[in-house]
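First to last, the sequence lines map onto chains A and B.
Offset between the first sequence (1-based) and the numbering used here: plus 56.
Offset between the second sequence (1-based) and the numbering used here: plus 56.
Cβ atoms here follow ideal geometry from the backbone N, Cα and C, with glycine treated the same way.
Because the structure is a prediction, the values reported are computed rather than measured.
2 protein chains.
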Amino acid sequence: MEPMKITNFELYDIVTNGDQEEINSLETLELQGWVKTNRDNGSIGFVEFNDGTYFKSVQLVYTDKSQNHDVLSSLKTGAAITVTGKLVLTPENKQPFEIAVESCSLEGDVDDDYPLQKKRHSFEFLREIAHIRPRANTFQAVYRVRSVLSFAIHEFFQNNGFIYVHTPLITTNDGEGAGNVFDVVTHDTKDPNSFYGRKVNLTVTGQLHVEPFALAFRDVYTFGPAFRAEHSNTVRHASEFWMVEPEMAFTDLEGNMDVIEDCVKFCINYIMSACPQEMEFFNNMIDKTLLERLNHVANSDFKRMTYTEGVELLKKAVKEGHKFENNNIEWGMDLQSEHERYLTEEIVKGPLFLTDYPKEIKAFYMRENDDGKTVAACDLLVPAVGELVGGSQREERYDILLKKMQKLGNDKELDWYLDTRRYGGCKHSGFGIGFDRLLMYITGMQNIRDVQPYPRTSNSIKY
Amino acid sequence: MEPMKITNFELYDIVTNGDQEEINSLETLELQGWVKTNRDNGSIGFVEFNDGTYFKSVQLVYTDKSQNHDVLSSLKTGAAITVTGKLVLTPENKQPFEIAVESCSLEGDVDDDYPLQKKRHSFEFLREIAHIRPRANTFQAVYRVRSVLSFAIHEFFQNNGFIYVHTPLITTNDGEGAGNVFDVVTHDTKDPNSFYGRKVNLTVTGQLHVEPFALAFRDVYTFGPAFRAEHSNTVRHASEFWMVEPEMAFTDLEGNMDVIEDCVKFCINYIMSACPQEMEFFNNMIDKTLLERLNHVANSDFKRMTYTEGVELLKKAVKEGHKFENNNIEWGMDLQSEHERYLTEEIVKGPLFLTDYPKEIKAFYMRENDDGKTVAACDLLVPAVGELVGGSQREERYDILLKKMQKLGNDKELDWYLDTRRYGGCKHSGFGIGFDRLLMYITGMQNIRDVQPYPRTSNSIKY
Numbered sequence: 057m058e059p060m061k062i063t064n065f066e067l068y069d070i071v072t073n074g075d076q077e078e079i080n081s082l083e084t085l086e087l088q089g090w091v092k093t094n095r096d097n098g099s100i101g102f103v104e105f106n107d108g109t110y111f112k113s114v115q116l117v118y119t120d121k122s123q124n125h126d127v128l129s130s131l132k133t134g135a136a137i138t139v140t141g142k143l144v145l146t147p148e149n150k151q152p153f154e155i156a157v158e159s160c161s162l163e164g165d166v167d168d169d170y171p172l173q174k175k176r177h178s179f180e181f182l183r184e185i186a187h188i189r190p191r192a193n194t195f196q197a198v199y200r201v202r203s204v205l206s207f208a209i210h211e212f213f214q215n216n217g218f219i220y221v222h223t224p225l226i227t228t229n230d231g232e233g234a235g236n237v238f239d240v241v242t243h244d245t246k247d248p249n250s251f252y253g254r255k256v257n258l259t260v261t262g263q264l265h266v267e268p269f270a271l272a273f274r275d276v277y278t279f280g281p282a283f284r285a286e287h288s289n290t291v292r293h294a295s296e297f298w299m300v301e302p303e304m305a306f307t308d309l310e311g312n313m314d315v316i317e318d319c320v321k322f323c324i325n326y327i328m329s330a331c332p333q334e335m336e337f338f339n340n341m342i343d344k345t346l347l348e349r350l351n352h353v354a355n356s357d358f359k360r361m362t363y364t365e366g367v368e369l370l371k372k373a374v375k376e377g378h379k380f381e382n383n384n385i386e387w388g389m390d391l392q393s394e395h396e397r398y399l400t401e402e403i404v405k406g407p408l409f410l411t412d413y414p415k416e417i418k419a420f421y422m423r424e425n426d427d428g429k430t431v432a433a434c435d436l437l438v439p440a441v442g443e444l445v446g447g448s449q450r451e452e453r454y455d456i457l458l459k460k461m462q463k464l465g466n467d468k469e470l471d472w473y474l475d476t477r478r479y480g481g482c483k484h485s486g487f488g489i490g491f492d493r494l495l496m497y498i499t500g501m502q503n504i505r506d507v508q509p510y511p512r513t514s515n516s517i518k519y
Numbered sequence: 057m058e059p060m061k062i063t064n065f066e067l068y069d070i071v072t073n074g075d076q077e078e079i080n081s082l083e084t085l086e087l088q089g090w091v092k093t094n095r096d097n098g099s100i101g102f103v104e105f106n107d108g109t110y111f112k113s114v115q116l117v118y119t120d121k122s123q124n125h126d127v128l129s130s131l132k133t134g135a136a137i138t139v140t141g142k143l144v145l146t147p148e149n150k151q152p153f154e155i156a157v158e159s160c161s162l163e164g165d166v167d168d169d170y171p172l173q174k175k176r177h178s179f180e181f182l183r184e185i186a187h188i189r190p191r192a193n194t195f196q197a198v199y200r201v202r203s204v205l206s207f208a209i210h211e212f213f214q215n216n217g218f219i220y221v222h223t224p225l226i227t228t229n230d231g232e233g234a235g236n237v238f239d240v241v242t243h244d245t246k247d248p249n250s251f252y253g254r255k256v257n258l259t260v261t262g263q264l265h266v267e268p269f270a271l272a273f274r275d276v277y278t279f280g281p282a283f284r285a286e287h288s289n290t291v292r293h294a295s296e297f298w299m300v301e302p303e304m305a306f307t308d309l310e311g312n313m314d315v316i317e318d319c320v321k322f323c324i325n326y327i328m329s330a331c332p333q334e335m336e337f338f339n340n341m342i343d344k345t346l347l348e349r350l351n352h353v354a355n356s357d358f359k360r361m362t363y364t365e366g367v368e369l370l371k372k373a374v375k376e377g378h379k380f381e382n383n384n385i386e387w388g389m390d391l392q393s394e395h396e397r398y399l400t401e402e403i404v405k406g407p408l409f410l411t412d413y414p415k416e417i418k419a420f421y422m423r424e425n426d427d428g429k430t431v432a433a434c435d436l437l438v439p440a441v442g443e444l445v446g447g448s449q450r451e452e453r454y455d456i457l458l459k460k461m462q463k464l465g466n467d468k469e470l471d472w473y474l475d476t477r478r479y480g481g482c483k484h485s486g487f488g489i490g491f492d493r494l495l496m497y498i499t500g501m502q503n504i505r506d507v508q509p510y511p512r513t514s515n516s517i518k519y
């Protein structure tokens, strides 16, 4: 009989969730994957084996009677193998089962300079081998959660009737007007106008492009890459990152915050339920408070507070002796992470929407409030991190928007954007989630370089 | 009592699938969306109303007794409105129900130069108003199918245990070495080396970056944008497009083709079941043979034939009097679309994998066959279109790959790619689907400019 091909995932699934009949059906099995460790004690040997389909490894047991014992005993960490054997249940052991090896063939050997040896490596070292680190435990967990979280995002929006829009990456505008854009030129001429007949750059946000779709489909979202040519060498900045940007017609700031809250809770619950092994690993190895923190957020009602109230509370804290690095709290300032974290961690002790920011420190497309000083913006602040999501109600009034854009000088270039306010425009709102930062938040990973497959940060590119 | 907020989709869903109790529960309703047409006959008026959540519009009926009759009677095409009214079932009419309007308020009026008036517009004209065309019937259908098809792709791979990898867009390599890349430079200096310390360009494929992940997770896929700075002004070329690129360890060319076949059938069946209104529309308005063609493919066993056999059949056809534009059929040539279509349409009359192409016309990473002349590549050809998917088994043998790359001169730059063959490499395969072309195929749309939200083609960029 041909051996039955099976993956680590399927094996664990059947042994853990299958009935006796299913388990008995597992006769001779064939596994294909990679050696994590190999320990040969002479008469008996143990291979920790993983094929990447499940976080937990499978133990292969061989003896000096096994076929190809010479191959088995000399297997090196990292080698690709095909192995056949029989399932042996070991309910009294740490692993619920092992595989008694019958034969083994070497699919791909490992050169002696293989950088991922058994010992523990620093994240800094692993960043230098971005093409190998997906095999390390931490990155098996990170990238699996990254994949599942991406799908969770799609599921949340698709199941709520949102239309997914692929907004363009090459564009003529620079979104919020911050100017930190990458230009795109053709290889031969280096002339930015040569290909499209005008200057183009990489997008910093899909929002402007997705708004017209909200005015056609009501609820829409983008989920794609965005770029910032900022020389910010911090643990939270990358020059290329993925963003989720939903946009909803006939929705005000309150409705916007409702969706943000639902979305964040959905993502947390989804990952905790779909990736329990990985989350346990992060909680043990990366951040001991992770699960407690995420559970707290998933079960909290997110508080809402205006920027103005927030500033008052920060002033009060300073007066009462609290020391911030920047103790100079004034209305109109752009709050720093330490201020945001104080509000969410010390004041409300949970997730907090800060709303209605001074218009001078927010983007031109945000809706001006009746006070003439603030805009209908909201930032979601969470303990241990600070800002996680930013959103706003958009300025739907043509005259007010036109004036602001004339001042910025982008009214001509974005005449199509202004059009949407003249042709059946309506109240609408949206938000942006930095996907990589959400992933950092959910995994507890501290550096954006360690959650992206091939991080792009300034002065660093190898792949 | 507050009116109940409801969308077009929810209304159709309850009236079509709900039980009597659910239908009775619909008391006074509130709808928000846009006016498609308005016809006021004096005592009675009809608004064709759509909020973008469902392909079919809802008919609003008002009379000269309705509140805000003046607002209602003067509603213009494109206006955004909030309307309240009562559900009236009309089983004897074309529409199963209508809304008897009680009140209406204008959320956003329409300037008189609104370009999307009731009359039929050419696709060429609509391309000039990419920010407005999502409201036109055809584009409501196209973009909804685009969204659902994206999700279908994710569902197919996620449910089969594939890990989604966000491969980078900014990269140092040009993939297949064709050279048609966009360079990325910083705004200020225009020096391509300034930001990352070396020359970078926009990716043409995620494959090289995703292969190392297949050697860690077994089955993986990318789904993201790719770029080609080709001045190909055809209906099938865009300089920015989305690609799906799966990669599977321990999989040979046969296994690769099995997955391609499953994936294409899954996508077709998914869209036909999830978007029946839209597909009926495409079949009526865009391509009368669409549903028949798709059903045929979904129910066919995809044939497999070598390139060499294909060339023999084409030669035979020429000998027997068939006229191709290029009648000069020779082994070694790159087949043109007319040749591919002849094989799939005339010879096998269904989907066809053409395999084992001459190595000179295929990429360096494809696995050389034992004949020394061909590589283990496969192109999926389908009737009416030609090539839909391209894939190959990858060259896993270090020495052979190194020689090919040294010849191309990319062995130094891609040393990390070569590493994967030294560190537990194994047999592996993958393929690429041009997502926009798959969408064209499934919708029957003939121009790539009409399936992308904001198409980027050479000499054309406005948004």
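- prompt: Can you name the start and end residues of the beta strand (DSSP E) that Leu410(A) belongs to?
  reply: Here residue 410(A) corresponds to residue number 354 of the first sequence, with the count starting at 1. Looking at the DSSP string, the run of the beta strand (DSSP E) that includes Leu410(A) is 408-414.
- request: List the residues of chain B that Asn216(A) touches, going by C-beta distances under 9 Å, in chain order.
  value: Locating residue 216(A) in the first sequence gives position 160, counting from the first residue. Going along chain B, no residue has its Cβ under 9 Å from Asn216(A), so there is no contact; the nearest lies around 11 Å.
Selected residue, minimal CA-CA separation from Thr93(A), among Lys150(A), Val114(A), Asn466(A): Taking the first residue of the first sequence as position 1, residue 93(A) is located at position 37. The shortest CA-to-CA distance from Thr93(A) to any of Lys150(A), Val114(A), Asn466(A) is the one to Val114(A).
task: Starting from the C-beta of Gly481(B), find all residues in its chain whose C-beta is less than 6 Å away, skip the five residues before and the five after it, and write them out in chain order.
output: The residue given as residue 481(B) occupies position 425 in the second sequence. In chain order, Glu452 place their CB closer than 6 Å to the CB of Gly481(B), counting only its own chain and leaving out the 5 sequence neighbours on each side.
field: Classification of Ile324(A) by the beta-carbon crowding that lies within 10 angstroms, buried from 16 upward
entry: Position 268 of the first sequence holds residue 324(A). The residue in question, Ile324(A), is buried, as its Cβ has 16 or more Cβ neighbours within 10 Å.
message: Could you compute how far the alpha carbon of Glu104(A) sits from the alpha carbon of Tyr118(A)?
response: Your numbering for residue 104(A) matches position 48 in the first sequence. Your numbering for residue 118(A) matches position 62 in the first sequence. Their Cα atoms are separated by approximately 11 Å.
- prompt: Name the DSSP beta bridge partners of Tyr510(B), please?
  reply: The residue you call residue 510(B) lines up with position 454 of the second sequence. Answer by DSSP bridge pairing: none, since Tyr510(B) is not bridged.
- prompt: For Glu317(B), which residues of its own chain have a beta-carbon under 6 Å away from its beta-carbon, when the five flanking residues on both sides are left out?
  reply: Working through the second sequence from its first residue, we reach residue 317(B) at position 261. Answer for Glu317(B): Phe358, listed in chain order.
task: My understanding is that Tyr413(B) touches Val431(B), with C-beta atoms under 8 Å, so please give their C-beta distance in whole angstroms.
output: For the purposes of this step, residue 413(B) is taken as residue 357 along the second sequence, with counting starting at 1. For the purposes of this step, residue 431(B) is taken as residue 375 along the second sequence, with counting starting at 1. In this structure Tyr413(B) touches Val431(B) by the C-beta definition: roughly 6 Å separates them, less than 8 Å.
- request: For Tyr519(B), decide whether its Cβ has a neighbour in chain A, counting only Cβ atoms nearer than 8 Å.
  value: Within the second sequence, the letter at position 463 stands for residue 519(B). Yes, Tyr519(B) lies at the interface with chain A (some Cβ there is under 8 Å from its Cβ).
- request: Can you check the stretch 381-411 of chain B for any alpha helix (DSSP H) of at least 4 residues that lies completely inside it and give the ranges in chain order?
  value: For the stretch 381-411 of chain B, whole alpha helix (DSSP H) runs of length 4 or above, ordered along the chain, are 393-397.
query: Quick one: does Asn503(B) have its CB under 8 Å from some CB of chain A?
result: Looking up residue 503(B) in the second sequence gives position 447. No - not a single Cβ of chain A is within 8 Å of the one on Asn503(B).
query: Which word fits Ile219(A), buried or exposed, when buried means at least 16 other C-beta atoms lie within 10 angstroms of its C-beta?
result: Taking the first sequence and counting its residues from 1, one reaches residue 219(A) at position 163. When all chains shown are included, Ile219(A) counts as buried.
field: Residue burial classification, Ser393(B) (beta-carbon count within 10 angstroms, cutoff 16)
entry: Working through the second sequence from its first residue, we reach residue 393(B) at position 337. So Ser393(B) ends up on the exposed side.
- prompt: Does the count of Cβ pairs from the stretch 496-508 of chain B and the stretch 182-194 of chain A closer than 8 Å reach three?
  reply: No, the stretch 496-508 of chain B is not in contact with the stretch 182-194 of chain A.
query: Is there at least one Cβ from chain B nearer than 8 Å to Tyr413(A)'s Cβ?
result: Here residue 413(A) is taken as the residue at index 357 of the first sequence, counted from 1. Under the Cβ criterion of 8 Å, Tyr413(A) is not counted among the residues facing chain B.
task: Specify the secondary structure class of Ile239(B) as computed by DSSP and reduced to three states.
output: Stepping through the second sequence from its first residue, residue 239(B) is reached at position 183. Note on residue identity: the sequence assigns Asp, not Ile, to residue 239(B). When DSSP states are grouped into helix, strand and coil, Asp239(B) belongs to the strand group.
field: Residue nearest to Thr290(B) in terms of C-alpha spacing, selected from Ser516(B), Pro59(B), Thr63(B), Met57(B)
entry: Mapped onto the second sequence, residue 290(B) falls at position 234. From the listed residues Ser516(B), Pro59(B), Thr63(B), Met57(B), the smallest Cα separation to Thr290(B) is found for Ser516(B).
- prompt: Of all the residues that make up the stretch 77-100 of chain B, which are near chain A by a beta-carbon distance shorter than 9 Å?
  reply: Correct list: Gln88, Gly89, Trp90, Val91.
- request: State the Cα-Cα distance for the pair Val139(B) and Cys319(A), rounded to the nearest angstrom.
  value: Position 83 of the second sequence, counted from the start, is the residue given in the question as residue 139(B). Position 263 of the first sequence, counted from the start, is the residue given in the question as residue 319(A). Separation of Val139(B) and Cys319(A) (C-alpha to C-alpha, rounded to the nearest whole angstrom) is 29 Å.
message: Would Ser99(B) and Gln123(B) be called neighbours here (beta carbons separated by less than 8 Å)?
response: Within the second sequence, numbered from 1, the residue matching residue 99(B) stands at position 43. Within the second sequence, numbered from 1, the residue matching residue 123(B) stands at position 67. It is not a contact, given that the beta carbons lie outside the stated cut-off.
- request: Return the chain-ordered list of same chain residues with a C-beta closer than 6 Å to the C-beta of Met60(B), the five sequence neighbours on each side being excluded.
  value: As a position in the second sequence, residue 60(B) is number 4, starting the count at 1. Apart from sequence neighbours up to five positions away, the residues of its chain that approach Met60(B) with a beta-carbon distance below 6 Å are Leu85, ordered along the chain.
- prompt: Which whole-angstrom value describes the C-beta separation of His395(B) and Leu436(B), a residue pair presumed to lie in contact below a C-beta threshold of 8 Å?
  reply: Within the second sequence, residue 395(B) is the residue found at index 339, counting from 1. Within the second sequence, residue 436(B) is the residue found at index 380, counting from 1. About 15 Å; that fails the 8 Å criterion.
message: Cβ closer than 9 Å: which chain A residues qualify as neighbours of Leu494(B)?
response: Position 438 of the second sequence, counted from the start, is the residue given in the question as residue 494(B). Those do not exist, as Leu494(B) stays about 13 Å from chain A at its closest Cβ, beyond 9 Å.
- prompt: Quick one: is Thr400(A) buried, meaning 16 or more other Cβ sit within 10 Å of its Cβ, or exposed?
  reply: Here residue 400(A) refers to the residue found at position 344 of the first sequence. Per the 10 Å Cβ criterion, buried.
- request: Please report the residue range of the beta strand (DSSP E) in which Pro302(A) lies.
  value: Taking the first residue of the first sequence as position 1, residue 302(A) is located at position 246. Run containing Pro302(A): 296-305, per the beta strand (DSSP E) assignment.
query: Looking only at DSSP bridge pairs, what is Val431(A) linked to?
result: Numbered from 1 along the first sequence, position 375 holds the residue referred to as residue 431(A). According to DSSP, residue pairing for Val431(A) in a beta bridge involves Tyr413(A), Glu424(A).
Contact check, Tyr110(A) vs Gly134(A), beta carbons under 8 Å: Within the first sequence, numbered from 1, the residue matching residue 110(A) stands at position 54. Within the first sequence, numbered from 1, the residue matching residue 134(A) stands at position 78. Not closer than 8 Å, so no.
message: I need the straight-line Cα distance from Tyr199(B) to Glu286(B), nearest angstrom please.
response: As a working mapping, residue 199(B) is identified with position 143 in the second sequence. As a working mapping, residue 286(B) is identified with position 230 in the second sequence. Looking at the two C-alpha atoms, the distance is approximately 25 Å.
task: Kindly indicate which three-state DSSP category Val260(A) falls into: helix, strand or coil?
output: Numbered from 1 along the first sequence, position 204 holds the residue referred to as residue 260(A). Coil.
- prompt: So, is Phe306(B) buried or exposed, given that buried needs 16 or more other C-beta atoms within 10 angstroms?
  reply: In the second sequence, the residue the question calls residue 306(B) occupies position 250. Under this definition Phe306(B) is a buried residue.
- prompt: What does Cys482(A) touch in chain B if you count any residue whose Cβ is under 7 Å from its own?
  reply: For the purposes of this step, residue 482(A) is identified with residue 426 of the first sequence, where counting begins at 1. By Cβ distance, chain B contributes Ala136, Glu163, Gly164.
field: Identified DSSP bridge partners for Val91(A)
entry: As a position in the first sequence, residue 91(A) is number 35, starting the count at 1. Under DSSP, Val91(A) forms a beta bridge with Phe105(A).
- request: Could you tell me the distance, in whole angstroms, from the CA atom of Thr605(B) to the CA atom of Lys483(B)?
  value: This structure does not reach residue 605(B), given that chain B is present from 57 up to 519, and the question cannot be answered.
task: Could you say which of Arg191(A), Pro224(A), Lys121(A), Phe380(A) lies nearest to Phe279(A) if we only look at CA atoms?
output: The sequence position of residue 279(A) within the first sequence is 223, counting from 1. Minimum Cα distance to Phe279(A) is reached at Pro224(A).
query: According to DSSP, is Phe491(B) helix, strand or coil?
result: Your numbering for residue 491(B) matches position 435 in the second sequence. Helix at Phe491(B).
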